[in-house]
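Trainee: Chains as they are written, first to last, in the numbering used here: chain A, 1 to 196; chain B, 1 to 196; chain C, 1 to 196; chain D, 1 to 196.
Number of protein chains: 4
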Amino acid sequence: MRARKQGEPTAIERARRAQIVRAAIDTIAESGYTRASFSAIATAAGLSSTGLISYHFATKQNLMAEVLATILADFTEFVTARATQGTPATRLAAFLAANCDFIASHRNHLIAMLDLQHAASESQARQADSDRAKLTELLADGQRRGEFRPFTPDLMAGFILSLRNGVIRRAATDPEFDLAACTAELLTTVRLATTA
Amino acid sequence: MRARKQGEPTAIERARRAQIVRAAIDTIAESGYTRASFSAIATAAGLSSTGLISYHFATKQNLMAEVLATILADFTEFVTARATQGTPATRLAAFLAANCDFIASHRNHLIAMLDLQHAASESQARQADSDRAKLTELLADGQRRGEFRPFTPDLMAGFILSLRNGVIRRAATDPEFDLAACTAELLTTVRLATTA
Amino acid sequence: MRARKQGEPTAIERARRAQIVRAAIDTIAESGYTRASFSAIATAAGLSSTGLISYHFATKQNLMAEVLATILADFTEFVTARATQGTPATRLAAFLAANCDFIASHRNHLIAMLDLQHAASESQARQADSDRAKLTELLADGQRRGEFRPFTPDLMAGFILSLRNGVIRRAATDPEFDLAACTAELLTTVRLATTA
Amino acid sequence: MRARKQGEPTAIERARRAQIVRAAIDTIAESGYTRASFSAIATAAGLSSTGLISYHFATKQNLMAEVLATILADFTEFVTARATQGTPATRLAAFLAANCDFIASHRNHLIAMLDLQHAASESQARQADSDRAKLTELLADGQRRGEFRPFTPDLMAGFILSLRNGVIRRAATDPEFDLAACTAELLTTVRLATTA
DNA sequence: GATGAATGAGGTTTCATTCAT
DNA sequence: CATGAATGAAACCTCATTCAT
C-alpha cells in the first residue's frame with residue numbers, strides 16, 4: 001500500500017527505508033548482488049518478513065535504485081566537500097584522495113556500488129555519465145589554465161574513474177591491501193598522466 | 001554422470017562442453033549474469049534440455065568457472081602472442097594495444113568477464129592475481145632496465161588492468177564510443193605514467 | 001474494534017460502511033472480484049488505509065456479504081416499486097421491464113452481483129432462494145387466476161431470473177448491445193412462455 | 001522449459017496436461033475459481049509440487065484457457081452428436097435435452113465453466129460468441145422454414161443459453177433439484193417461446 | 001474513529017538439479 | 001550420450017488482518 005502512495009513520507013517511514021537500504025548495502029557487499037534476496041536483506045535488517053520490504057518499496061528494482069542513489073549521494077557529499085578549493089590539479093588530487101579515504105570508511109558502500117553498476121537501469125547509467133561529465137569539466141578547466149596537457153577530457157575522466165574503481169575492487173578483495181600506499185601511488189600516477 | 005566421472009574426456013565431450021561454454025558467454029554478455037539461467041544458455045546453444053548442461057557440468061558454479069577460465073585462456077593467447085617482443089615499454093604498449101584489439105573482436109568475452117568477476121570464486125581470484133603478477137613482472141623488468149620510473153610494480157599493474165577494465169565496460173555500454181581514439185589516448189597516458 | 005462491537009451503529013459508521021460498500025461495488029464491476037482487493041477498494045473509496053475497511057468489517061467475506069445484500073436491497077426497492085399494481089401478468093411484465101431499466105441505470109450493481117454469486121455464502125444462497133420464492137408466488141397467483149398456463153412455478157421463476165441474468169451479462173460484456181430492443185423481445189418471449 | 005517449447009507434445013506430456021486440467025476442473029467446481037490455486041490443483045492431481053504445473057503450462061492464464069477449451073470441446077462433442085438430425089425445432093429440443101443430460105453426467109465441467117466465464121480472455125469470449133452464433137443460425141433456419149415465429153435470432157439464442165446456464169447453476173447449487181422435471185419444463189417453455 | 005506500519009501466509013513463477021529411459 | 005519429465009527450494013510480490021498511536 002505505502003509503496004504506491006504519494007506525498008511526503010513520515011519520519012518513521014524514512015527511518016525504515018534507510019534501515020532497509022543499509023541492510024541491502026551490507027548484504028550486497030558481503031554476498032553479492034545475486035545472493036541479495038529480499039529474504040537475506042530482511043534478515044540482515046532484523047525484519048520479521050520480506051513483506052515489509054515490499055511494503056516500503058514497490059519493487060526490487062525500485063529498492064536497488066534507492067540503494068544506488070543513496071550510495072552515490074553519500075559518496076558525492078563526502079567527496080565534493082573535499083574537492084572544491086584550489087586549482088583543477090589540486091582539486092583532482094583532492095578528489096582522488098577523498099575517494100580513497102571514502103573507500104577506507106565506506107567499504108561496503110563501494111563494493112555494493114560496483115556490484116550494482118551492471119544491474120543499473122537507464123536513469124542510473126545517466127547518473128554515472130553525469131558524474132563523469134563533472135570530472136570532464138574539471139579536466140577541461142585545467143587544460144584551459146595550462147595545468148593539464150592536451151588530452152581528450154572525456155576519455156581521461158573515464159580513465160581516472162576506472163582507476164578509482166580498480167582500487168575499490170582491490171581493496172574489497174584483498175584484505176592485506178595497503179590502501180595508504182596505493183593512494184600515494186595513484187596520486188603520482190594521475191599527476192604524471194595529466195600534467196602539462 | 002559424466003560430470004562426476006574421472007579420466008580423460010572424449011572428443012565429443014570436449015566439443016559439447018565448448019559449445020555450452022560459448023553459449024554461456026554469449027548469454028551472459030547479452031543478458032547479464034543474473035538472467036543467464038541454464039534454460040537461457042541451453043536455448044542459446046540449441047540444446048533441447050538443460051539436463052545436458054548438468055550432465056556435463058556438476059554445478060552451475062562449475063560451469064561459470066570454466067567459462068571464466070576459457071575467456072582468460074583465449075585472452076591470454078591473443079595478447080601474449082602480440083606482447084612478447086621488444087623492450088618492456090614496447091611490450092607494455094603492445095599489451096595495451098592487444099587488449100583494445102581484443103575488445104573489438106571479442107566483445108562478448110570481455111563483457112562476460114566483467115560480469116563474472118564479482119561472482120568469482122576463490123580460485124578465480126587467484127587466477128586474476130596471477131595475471132596481474134605477470135604484468136607486475138614486466139613492469140619490474142622495465143624498471144631494472146631503466147625504462148620505467150620507480151613505482152610499486154604490483155600497484156601499477158593493478159592500475160593498468162583497471163584502465164583496461166574501464167575501457168571494456170565503456171565499450172560495452174556506450175555504442176557510440178570511439179575505441180580507436182581511446183586506444184591512442186590510453187597508450188599515451190600509460191606511457192606518461194610509467195616512463196622514467 | 002467496531003466490527004466486533006455490539007449495539008446500534010452510529011450515523012458516521014453507517015455512512016462509512018455505505019461508502020466502502022459503494023467503492024467495493026464499483027471495483028468489482030470494473031476489475032472483477034479477483035482483483036477487488038482491500039487495497040483497490042480503499043483507493044476507489046478515497047481512503048488512505050485498508051485498515052479502515054477491516055475496522056468496519058470483521059472479514060472480507062463479511063464485507064462481500066454486505067455488498068451483495070446492499071445490491072439486492074437496492075434492486076428490490078427499485079423493482080418492487082414498479083411491479084406492484086395490476087394482474088400477475090402485468091406485474092410480471094413490469095418486473096422484467098423494471099429489471100431492464102435497472103440494468104441501464106445500475107450497471108455496476110448488477111455486474112458485481114453476477115460476479116459475487118459464485119463467491120456466495122450459505123446465507124446469500126438462501127437470500128437468492130427467497131427472491132425466487134417471491135417470483136414463484138407471483139406466478140402461482142397468476143395461474144390461480146387463469147392468466148398463466150400450468151407450469152411448475154418454482155422452475156419458471158428460475159427460468160425468468162436466468163433470462164434476466166443473461167441480459168445483465170450480455171449488457172455488461174457487449175458494448176454494442178441494444179438493451180431496449182432486447183427488453184421488448186424478452187417481454188414477448190416471457191409472455192408466450194407463460195400465458196395460458 | 002517444456003512450457004516454452006515448440007513442436008508436437010509427447011504422449012506422456014499430453015497425459016500429464018490432461019491430468020492437470022482434470023484436477024483444475026474439479027478444484028474449480030468444488031472450491032471456486034478464487035480458491036483454485038496451483039497448490040490446490042497440484043494436491044488434487046496428486047502432484048508433488050506446483051512446479052510441475054508451471055513446467056507444463058507457461059502461465060496460470062494459460063492453464064485456465066486450456067481448462068475452458070477442454071470443457072467446451074467435451075461439451076460440444078457431446079451435444080452436437082445429439083442435435084444434428086431433424087428439423088430446427090427438433091434439433092433445438094435435442095440440443096436442450098443434450099445440455100441437460102450433460103449437466104447430469106459432467107456436473108463439475110459445467111460448474112467450472114460458469115466460474116471461468118467471467119475470468120475469460122478475449123479469445124474465449126469470441127468462442128462463446130461463436131457458440132451463440134451457431135444457435136442463432138439454427139434459429140434463423142427454423143424461421144425460414146416457418147417453424148419458428150419472427151424473433152431476433154441472436155437475442156433468442158442468448159435467451160436460450162441463459163436458460164441453460166441457469167439450469168446449470170441451479171443444478172450445481174441445489175442438491176435436491178429435480179433435473180429431469182426441469183428438462184421437461186424447459187423444453188415446453190422454449191417450444192412455446194419459439195414456435196410460430 | 002482513523003491511520004500508517006507491520007505481519008505472515010500464501011500466491012505464481014523460475015531455477016538448478018536428478019533420474020528413468 | 002542425450003532427452004524430457006519431475007522435483008523442491010527459493011524467488012518476488014500481494015493480501016487480509018492486527019495494532020499502536
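C-beta atoms are modelled at their ideal positions from N, C-alpha and C, and glycine is treated no differently.
#1: Go to phenylalanine 159/A, then tell me how far its alpha helix (DSSP H) extends in each direction, as first and last residue.
#2: With C-beta atoms as the reference, is leucine 72/C less than 8 Å away from glutamine 127/C?
#3: Mind checking who threonine 27/A pairs with in its DSSP beta bridge?
#4: If leucine 96/C and valine 190/C are in contact, beta carbons under 8 Å, what's the gap, nearest whole angstrom?
#5: To the nearest angstrom, how far is it from the Cα of leucine 179/B to the Cα of threonine 50/C?
#6: What residue from Leu63/B, Phe177/B, Ala15/B, Leu139/B has the CA that sits closest to phenylalanine 38/B's CA?
#7: Can you name the start and end residues of the alpha helix (DSSP H) that glutamine 117/C belongs to?
#8: Kindly examine the ligand SAH and report whether one of its heavy atoms sits closer than 7 Å to the Cβ of asparagine 108/D.
#9: Between the C-alpha atoms of threonine 152/C and glutamate 185/D, what's the straight-line distance to the nearest angstrom?
#10: Restricting to Cα atoms, I'd like to know which of Leu135/D, Leu139/D, Leu68/D is closest to valine 79/D.
#11: Please name the residue, chosen from Thr183/D, Thr59/D, His106/D, Ala196/D, that lies closest to arginine 145/D on a Cα-to-Cα basis.
#12: Give the range of the alpha helix (DSSP H) segment to which lysine 134/A is assigned.
#13: At a cut of 8 Å, does the segment 167 to 183 of chain D reach the segment 74 to 89 of chain D through at least three beta carbon pairs?
#14: Leaving out five residues on either side along the sequence, give the residues of the same chain with a beta carbon under 6 Å from the beta carbon of alanine 94/C.
#15: Answer with buried or exposed for isoleucine 160/D, where buried requires no fewer than 16 other C-beta atoms within 10 angstroms of its C-beta.
#16: DSSP three-state call for threonine 59/C: helix, strand or coil?
#17: Using 8 Å as the limit for Cβ to Cβ distance, is glutamate 185/B near chain A?
#18: With a cut-off of 8 Å, does the C-beta of arginine 170/B fall near any C-beta of chain A?
#19: Between isoleucine 20/C and isoleucine 41/C, which are expected to be in contact by the criterion C-beta below 8 Å, what is the C-beta distance as a whole number of angstroms?
#20: Just to make sure I have the definition right: I need the residues of chain B whose C-beta is within less than 8 Å of the C-beta of asparagine 165/A. Which are they?
#21: Below 8 Å on the Cβ atoms is my guess for cysteine 28/D versus aspartate 115/D; work out the distance and round it to an integer in Å.
#22: So which of Arg170/A, Arg132/A, Ala89/A, Arg22/A has the shortest CA-CA distance to leucine 187/A?
#23: Are the beta-carbon atoms belonging to leucine 138/C and methionine 156/C less than 8 Å from one another?
#24: What are the partner residues of phenylalanine 148/A, as DSSP defines its beta bridges?
#25: Determine the burial state of serine 162/D: buried for a count of at least 16 other Cβ atoms within 10 Å of its Cβ, exposed for fewer.
#26: Does DSSP put glutamine 85/C in a helix, a strand or coil?
#27: Is the CB of alanine 181/C under 8 Å away from at least one CB in chain D?
#28: Let me know if aspartate 26/B comes out buried or exposed under the rule of 16 or more other beta-carbons within 10 Å of its beta-carbon.
#29: Can the beta-carbon of glycine 166/C be found less than 8 Å from the beta-carbon of asparagine 165/D?
#30: Assign leucine 47/B to one of three DSSP states: helix, strand, or coil.
#31: Which residues, in chain order, does the segment 125 to 137 of chain D contribute to contact with chain C at a C-beta distance below 8 Å?
#32: Any residues in the segment 82 to 96 of chain C with a beta carbon nearer than 9 Å to a beta carbon of chain D? Which ones, in chain order?
#33: Name the residues in the segment 142 to 155 of chain C whose C-beta lies less than 7 Å from a C-beta of chain D; which are they?
#34: Going by CA-CA distance only, name the one from Asp101/C, Asp154/C, Ser48/C that's closest to aspartate 129/C.
Mentor: Short version:
#1: Within the first sequence, the letter at position 159 stands for residue 159/A. Looking at the DSSP string, the run of the alpha helix (DSSP H) that includes phenylalanine 159/A is 153 to 173.
#2: Counting from one through the third sequence, the residue named residue 72/C turns up at place 72. Counting from one through the third sequence, the residue named residue 127/C turns up at place 127. Yes. Within cutoff.
#3: Working through the first sequence from its first residue, we reach residue 27/A at position 27. By DSSP's assignment, threonine 27/A forms no beta bridge with any residue.
#4: The sequence position of residue 96/C within the third sequence is 96, counting from 1. The sequence position of residue 190/C within the third sequence is 190, counting from 1. In this structure leucine 96/C is in contact with valine 190/C, their Cβ atoms being roughly 6 Å apart against a cut-off of 8 Å.
#5: Here the question's residue 179/B lines up with position 179 in the second sequence. Here the question's residue 50/C lines up with position 50 in the third sequence. Answer to the nearest angstrom: the Cα atoms are 56 Å apart.
#6: For the purposes of this step, residue 38/B is taken as residue 38 along the second sequence, with counting starting at 1. It is Leu63/B whose Cα lies nearest to the Cα of phenylalanine 38/B.
#7: Your numbering for residue 117/C matches position 117 in the third sequence. Its alpha helix (DSSP H) spans residues 107 to 117.
#8: With respect to the ligand SAH, the structure shown offers nothing to examine, as it has no ligands at all.
#9: On the third sequence, residue 152/C is found 152 positions in, with the first residue counted as 1. On the fourth sequence, residue 185/D is found 185 positions in, with the first residue counted as 1. Approximately 8 Å, taken between the alpha carbons.
#10: The count along the fourth sequence starts at 1 and reaches residue 79/D at position 79. For the residues Leu135/D, Leu139/D, Leu68/D, the minimum Cα distance to valine 79/D belongs to Leu135/D.
#11: Here residue 145/D is taken as the residue at index 145 of the fourth sequence, counted from 1. The option with the nearest alpha carbon to arginine 145/D is Ala196/D.
#12: Position 134 of the first sequence, counted from the first residue, corresponds to residue 134/A. 122 to 144 is the extent of the alpha helix (DSSP H) around lysine 134/A.
#13: These segments do not touch.
#14: Position 94 of the third sequence, counted from the start, is the residue given in the question as residue 94/C. Closer than 6 Å at Cβ, skipping near neighbours: Arg82, Ala83.
#15: Along the fourth sequence, read from residue 1 onward, the residue named residue 160/D stands at position 160. Isoleucine 160/D is buried by the Cβ-count criterion.
#16: Numbered from its first residue, the third sequence carries residue 59/C at position 59. Threonine 59/C: coil per DSSP, three-state reduction.
#17: Reading the second sequence from its first residue, position 185 is the one you call residue 185/B. Closer than 8 Å to some Cβ of chain A, the Cβ of glutamate 185/B qualifies, so yes.
#18: Mapped onto the second sequence, residue 170/B falls at position 170. Chain A contact via Cβ: present.
#19: Residue mapping note: residue 20/C aligns to position 20 of the third sequence, counting from 1. Residue mapping note: residue 41/C aligns to position 41 of the third sequence, counting from 1. About 7 Å separates the two Cβ atoms, so the contact holds.
#20: Stepping through the first sequence from its first residue, residue 165/A is reached at position 165. Under the 8 Å cutoff, chain B gives Ser162, Asn165, Gly166.
#21: Position 28 of the fourth sequence, counted from the first residue, corresponds to residue 28/D. Position 115 of the fourth sequence, counted from the first residue, corresponds to residue 115/D. At residue 28/D the sequence reads isoleucine, which differs from the cysteine that was named. Contact flag correct, Cβ pair sits at about 5 Å.
#22: Walking along the first sequence from the start, residue 187/A turns up at place 187. The shortest Cα separation from leucine 187/A among Arg170/A, Arg132/A, Ala89/A, Arg22/A belongs to Ala89/A.
#23: Taking the first residue of the third sequence as position 1, residue 138/C is located at position 138. Taking the first residue of the third sequence as position 1, residue 156/C is located at position 156. Result no, Cβ atoms of leucine 138/C and methionine 156/C do not sit closer than 8 Å.
#24: Taking the first residue of the first sequence as position 1, residue 148/A is located at position 148. Beta-bridge pairing links phenylalanine 148/A to Thr195/A.
#25: Along the fourth sequence, one-based indexing puts residue 162/D at 162. With 16 or more Cβ atoms within 10 Å of its Cβ, serine 162/D is classed as buried.
#26: Position 85 of the third sequence holds residue 85/C. Reduced to three states, the DSSP call for glutamine 85/C is coil.
#27: Taking the first residue of the third sequence as 1, we reach residue 181/C at position 181. True, the Cβ-Cβ gap to chain D drops below 8 Å.
#28: Position 26 of the second sequence, counting from 1, holds the residue named residue 26/B. Buried is the call here.
#29: By one-based count along the third sequence, residue 166/C stands at place 166. By one-based count along the fourth sequence, residue 165/D stands at place 165. Yes.
#30: As a working mapping, residue 47/B is identified with position 47 in the second sequence. Here leucine 47/B sits in coil by DSSP.
#31: Ala125
#32: none
#33: Against chain D - using a Cβ distance shorter than 7 Å - the residues of the segment 142 to 155 of chain C are Phe151, Thr152, Leu155.
#34: Position 129 of the third sequence, counted from the start, is the residue given in the question as residue 129/C. Closest option to aspartate 129/C, Cα to Cα, is Asp154/C.
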